[in-house]
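*Asks:*
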Amino acid sequence: MDFINTEAFNFFWKVIATIGMVGLCYGLIKSAAASLKRTGKWTSVLDEIGVGILLIFVYIIIMQNPASTIFNFLVTPIVFLWNLALAFFRQLGFPL
């Protein structure tokens, strides 16, 4: 049985993603407050607002897709680069 496709993993995946989202939002709020305190201008907070909106869109996309899709999306380029590095080192004569 594939553990990633179970309901329990789906629940824990969403809980962990939500905790990460809340943590990132907390960090953005602290960054915006520090930026406002440092400059005294509300325009310095606009970049944190833009990052926050982008973060919300990414969170929505992650929550709408199953965990296996997200993992495959993240793992595929890593595996490609790993295989590319292995082929390169084998070309150089390193036994891998």
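Heads up: the sequence shown begins at 12 in this note's numbering, then just goes up one per residue. Each residue gets a CB set at the ideal place from its N, CA and C atoms; glycine is no exception. None of the values given here were measured: they were computed from a predicted structure.
1) Beta carbon of I73, beta carbon of A28: below 8 angstroms?
2) Taking Cβ to Cβ, would you say S55 is nearer than 8 angstroms to I15?
3) CB-CB under 6 angstroms to I59, same chain, minus the five flanking residues each way: which ones, in chain order?
4) Let's see if you can read the secondary structure: which residues bound the alpha helix (DSSP H) around V124?
5) How many Å lie between L85 and I71 at the Cα?
6) Leaving out five residues on either side along the sequence, give the residues of the same chain with a beta carbon under 7 angstroms from the beta carbon of R101.
7) Note down the Cα distance separating N76 from G104, rounded to an integer number of angstroms.
8) Looking at the structure shown, is F68 part of a helix, part of a strand, or coil, going by DSSP?
*Replies:* Based on what the coordinates show:
1) yes
2) no
3) Residue identity differs from the one stated: residue 59 is Glu in this sequence, not Ile. Excluding positions up to five away in sequence, the list reads L39, S42, A43.
4) The shown model of the chain, from 12 to 107, leaves out residue 124, and the question about it has no answer.
5) 17 angstroms
6) L107
7) 42 angstroms
8) helix
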